[in-house]
Each structure stands twice: as C-alpha cells, then as structure tokens.
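Protein sequence lines correspond, in order, to chains X and D.
Residue numbering for the first sequence follows my numbering, starting at 261 and increasing by one per position.
Residue numbering for the second sequence follows my numbering, starting at 9 and increasing by one per position.
Idealized CB from N, CA, C, for every residue including glycine.
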Amino acid sequence: MPKKIEISKLDLFYGDFQALKSVDMTVDGNNIVGLIGPSGCGKSTLLRTINRMNDLIEGVKIKGEILLDGVDIYRSHMEIYELRKRVGMVFQRPNPFPLSVYENVTFGLKVEKFSDRVKTAEIVEKSLKDAWLWDELKDKLKESALTLPLYQQQRLCIARLLAVEPEVILMDEPCSALDPIATMKIEELMLDLKRNYHIVIVTHNMQQASRVSDLCGYMLLGEMVEFGKTSDIFTNPQDKRTLDYITGRYG
Amino acid sequence: MDRHFFDELNSVKDMLLSMGSLTEEMVNIAVRALVEHDIKLLDKIPENEARVNRYHVDIDEYCLKLIALHQPTASDLRFLLGITKINAELERVGDHAVNICRGVSTVLEQAQLKPYIDIPQMVDIVSRMFEDSLHAFVNLDADKARFILLCDDQVDQLRYKIIQELTEIMSQDPSKVGISVQLILIANHFEKIADHATNIAEVVIFVAQGKDVRHHFNDPID
C-alpha cells in the first residue's frame, strides 16, 4: 500500500541556487512530522513543494518525485486545485478572508459549488468544533473574521481547511505570531487532529517540535541531515550536525 | 551558542567531581584504617560525610534549575540526568564508607582473627572500580566504563568466599561470632560500593553513547 506522501531524491533550484538537495522523506500513519533547522535551510521550501506552492515562483526547477498515495503530484495530471484541497496549508500569520466567520468556513465549499444549505451548516459546525472554535464563535458566525483576535483567526483558518476535508495539513510556523497560551491551544489542536489527518509542521521553536511531533527532520543547507523519531532526535541524534543544532552549539 | 549554559554545565560537573573526590577519600580512609589498623584515620569521616550530603542536595537543586531554565536536549540532557544519577550513587557510597568505618573501629578493638587475604583483595578491586568509574565519567570513557561492569562478578565471588570462610570460623568458635559478623558486614558494604561503581559506569555509557545497558537489556559488550 502506498504511503500518504513519499518524497525521494528531491532537488529544487531557485535559478542557479539549489535550495533542496536530494531530499527523502515519508509521511504516513497518525504522525505529526516536524521539520526543524536554521533559517534558509530549506524546510519551508520543502513544505511548499508538497502542495506545489513554489510553482508560481519564477525560475523554480524541481527534480525528483513527490508521491501522494503513490501518484506523482508533479508528473501526473492531478489538478492543482484538487491537490490543494487534499493537501491544505496553514501559514505563519493567520490569513482569514475579509468575510464573515461563516463565509470563511464555507469558502472552499462554495468554490466546489456545494449548495446544500443544511449540509453546509452541519459542516460549518463540525469544522468549528474540530478546530475548538464552536463554543467561542457560535454566536458570532456573521461577524467579520478580521475582528477576531489572532489566535482565533489562526484556528478559523484551520477550520476553513477542515471544511473541505483535506488528507494532509501543512503548517508553516503556525504559532510564530501567537502568544504562549494561544500556541498551546494550537498544539493541543494538532494533537487532536493527527488522529484523522497527516500533519507536517515547520517550526523554529524546537520545544514545539519536541512537544508535538512524532517524527522529526533536521535540515541544513538544503539537505535532510537526519530524519527519525522525535524522541531519538532530541535525546540521541546520530549526526553531529543535528546534535550541534539541537544543543545550541550551531552558529 | 549558549556559552553561559555550557559554563553552568561545567560548574555542575566540577561540583560532582568535588563530591566524588570527597567520597573517594572516605572509601580510602576506610580501606587504610582496616588494612593499617589505624583508628585515628577515621576522625576525618564525619566532616567529609557532612560535605558529601551538602553536595548531594546542592547538585540536585542545580540540575533542577538548569533543566527548568534551559530545557536541555540530547547529550546535554543525558549529561544532566547522568549527573543526578551519579549524585545519588555517590551519596550512597559515602554512607557505606561511614558504615565501614563504624565496623572497622569495632573490628580494631579486637584481636585479628587471622591474616586477611580475601578482604584486602576485594577492597583493592572495589577501590579501583570506584576510582575508575569517576575517571570514566570525567572523560566520558565508555570503554573504561564497560570494563568496570566486568569486574563486578569478581567482587561478588570474593564476598561469597569471605562469607563462607567466616561462617566456618563462627561455627567452630562461637567467641568469634562478633568480629566475624562485623567483617561480613564490612564485606557487604564494599560489595555495595562495587554495585554503585557499576551503576556509575552504566550511567557513563548512557551519557556518552545514549545506550541504556542496565539489567542487560542491551549487551554491554557490543
């Protein structure tokens, strides 16, 4: 049976600059995969290749393969829209649309021309519940999402993803704009969501990687230096470069 | 680089080594008092014990602070866990040295049973194991630590031999029960010190290589 995501020998160039060097990584099972490494090491670039977010950047060349359920997302005829519905993304700063809370959650459904009002209302409720927002926002569904505090905006973005039932959720430093309490809530939410979704998170916060991820990859200068169980990476990494980074001896 | 944190790691290591030196001195005093029949040597023991106990508390407190404030990982985390474990082992070694000294002072009040052969041999091995365990920690020398693990069986065998011999003496001459029991207790305390040296050696392997060799779950020789 194919793995959910299998990345092999992935090279990515921005013009002449090679940002990813023969990266291998597998995402499967009810695991949260964390990607750590210093700024510019390629972890966000790697994350963005998984739903082809780099395609729009001029001069990008990609070699190697990324298989989603065994299908190459770059060489098959998979539509980008279809790919991004299956592989959703949460960004560093919350990016709710300038619409109501309700319309934000139903946005993806509207794009899909889903018109069953009753079913839509059920999906909104379930998505907000799954993102731990229902109790907080059930009486504010018509209010503008932009009036919400940042931590609710970020969870609303997650609810908006959940409404279209993705299989994989990519998170690019989802807590970097949030305070410790809001960060804790997102982390708890991730641990809940991993039962039903495959999650890959890029984080600069090593404590966050160690708290939430089951598998962890350390990247440096475009290479996947080490990839393995988070408990091993944080207690007994095998590569000296990982050890130096984990223990703060890097740089 | 978190230079301040690394300085703190070195400070806590220095504290542990000072505690180790004190404990080593206590064991040496106990050994010399027994071998040289010199009861005056025991005078220094209470002061050393008090200092060892102070280190025991201070080192744990320091490690707790470093773990809470710096959230160490990988080799640094193993190092601090190792320090707390060795700290506990050293404190116990200090207690055994005190108990040996008490036994020695009783033994020295009485005439020597016979020329001692196995006890000095056992004491020699135990002293070396303990000393080597501290050196292995200083240099994080897993090979030396593995060698210490192999010595423990020798100590167990000698202790068994000593107990057998003293039991024989007691059964033949009940007037020698008191001194024989004291010698058996002394042998037991030395055997426990060997166990603590073994535990320290296991911690050294864990700190140096991330391998847990306790209870032979992982082959210590591999």
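Exercise for the section: Would you please state the rounded distance, in angstroms, between the beta carbons of tryptophan 394 of chain X and glutamate 385 of chain X? I believe it to be under 8 Å. Expected result: 6 Å
Problem - Closest Cα partner of isoleucine 265 of chain X within the set X:Val331, X:Arg501, X:Met431, X:Met349 - result: X:Val331
Handout entry: Bounding residues of the beta strand (DSSP E) (the contiguous stretch that carries leucine 316 of chain X)
Key = Premise fails: leucine 316 of chain X is in no beta strand (DSSP E) and is neither H nor E.
Handout entry: Counted within 10 angstroms of its Cβ, other Cβ atoms place threonine 407 of chain X as buried (16 or more) or exposed
Key = exposed
Handout entry: Proximal chain X residues relative to glycine 218 of chain D, where beta-carbon distance stays under 7 Å
Key = Thr495, Asn496
Handout entry: arginine 377 of chain X, buried or exposed, once every other Cβ within 10 Å from all chains shown has been counted against 16
Key = exposed
Problem - Those residues which DSSP pairs with glutamine 278 of chain X across a bridge - result: X:Phe273
Problem - Neighbour list for aspartate 149 of chain D in chain X, Cβ cutoff strictly below 8 Å - result: Here the premise fails: no neighbours, minimum Cβ distance about 18 Å.
Exercise for the section: Specify the secondary structure class of phenylalanine 198 of chain D as computed by DSSP and reduced to three states. Expected result: helix
Problem - Cβ shell of leucine 42 of chain D (< 6 Å), same chain only, five flanking positions each side left out - result: Val112
Practice task
Could you give the DSSP three-state label for aspartate 474 of chain X: helix, strand or coil?
Solution key: coil
Exercise for the section: State the DSSP-derived secondary structure class of serine 375 of chain X, mapped to helix, strand or coil. Expected result: coil
Practice task
Sort X:Val462, X:Met479, X:Leu480 by Cα distance to serine 473 of chain X and report the nearest one.
Solution key: X:Val462
Practice task
Count the C-beta pairs between the region 434–443 of chain X and the region 265–275 of chain X that are closer than 8 Å, then say yes if the count reaches three, no if not.
Solution key: no
Practice task
For isoleucine 506 of chain X, go through chain D and note every residue whose CB falls closer than 7 Å to its CB, in chain order.
Solution key: Thr81, Ala82
Handout entry: Pairwise C-alpha distance: serine 282 of chain X and leucine 451 of chain X
Key = 30 Å
Practice task
Compare the C-beta of leucine 408 of chain X with all C-beta atoms of chain D and state if any pair is closer than 7 Å.
Solution key: no
Exercise for the section: May I ask you to report which of helix, strand or coil DSSP gives valine 65 of chain D? Expected result: helix
Exercise for the section: Note down the Cα distance separating lysine 445 of chain X from glutamine 468 of chain X, rounded to an integer number of angstroms. Expected result: 12 Å
Problem - Buried or exposed (CB count within 10 angstroms, at least 16 for buried), leucine 458 of chain X - result: Per the sequence shown, the amino acid found at residue 458 of chain X is histidine instead of leucine. Answer is buried; the Cβ neighbour count reaches 16.
Handout entry: Delimiting residues of the beta strand (DSSP E) encompassing glutamate 483 of chain X
Key = 483–489
Handout entry: Within 7 Å, strictly: CB atoms of arginine 222 of chain D and glutamate 199 of chain D
Key = no
Handout entry: Inter-residue CB distance, isoleucine 53 of chain D and cysteine 109 of chain D (contact presumed, cutoff 8 Å)
Key = 5 Å
Problem - Segment limits, alpha helix (DSSP H) that includes aspartate 432 of chain X - result: Here aspartate 432 of chain X belongs to no alpha helix (DSSP H); instead the beta strand (DSSP E) covers 428–432.
Handout entry: Contacting positions in the region 452–470 of chain X - beta carbon closer than 9 Å to chain D
Key = Met466, Gln467, Ser470
Practice task
Specify the secondary structure class of aspartate 126 of chain D as computed by DSSP and reduced to three states.
Solution key: helix
Handout entry: Neighbour list for arginine 86 of chain D in chain X, Cβ cutoff strictly below 9 Å
Key = Thr495, Asn496
Practice task
Pull up the DSSP beta-bridge partners for isoleucine 459 of chain X, would you.
Solution key: X:Ile292, X:Ile429
Practice task
Using alpha carbons as the reference points, say which of X:Ile296, X:His337, X:Lys400, X:Asn496 lies closest to serine 253 of chain X.
Solution key: Coverage of chain X is limited to positions 261 through 511, which leaves residue 253 of chain X absent and any answer about it impossible.
Exercise for the section: Indicate the three-state DSSP secondary structure (helix, strand or coil) for alanine 81 of chain D in the structure shown. Expected result: The residue you asked about is not alanine; residue 81 of chain D is threonine in the sequence shown. Correct three-state label for threonine 81 of chain D: coil.
Handout entry: Alpha-carbon to alpha-carbon, alanine 82 of chain D and phenylalanine 494 of chain X
Key = 5 Å
Exercise for the section: Would you check if the distance between the CB atom of aspartate 288 of chain X and the CB atom of serine 268 of chain X is smaller than 7 Å? Expected result: no
Handout entry: CA-to-CA distance, lysine 303 of chain X to aspartate 432 of chain X, given in whole angstroms
Key = 9 Å
Handout entry: Residues near asparagine 364 of chain X by beta carbon distance below 7 Å, same chain, minus five either side
Key = Pro356, Phe357, Ala405, Leu416, Arg420
Problem - Buried or exposed (CB count within 10 angstroms, at least 16 for buried), threonine 175 of chain D - result: exposed
Problem - Neighbourhood of cysteine 159 of chain D by C-beta, 7 Å cutoff - its chain only, sequence neighbours within 5 removed - result: Ile133, Met137
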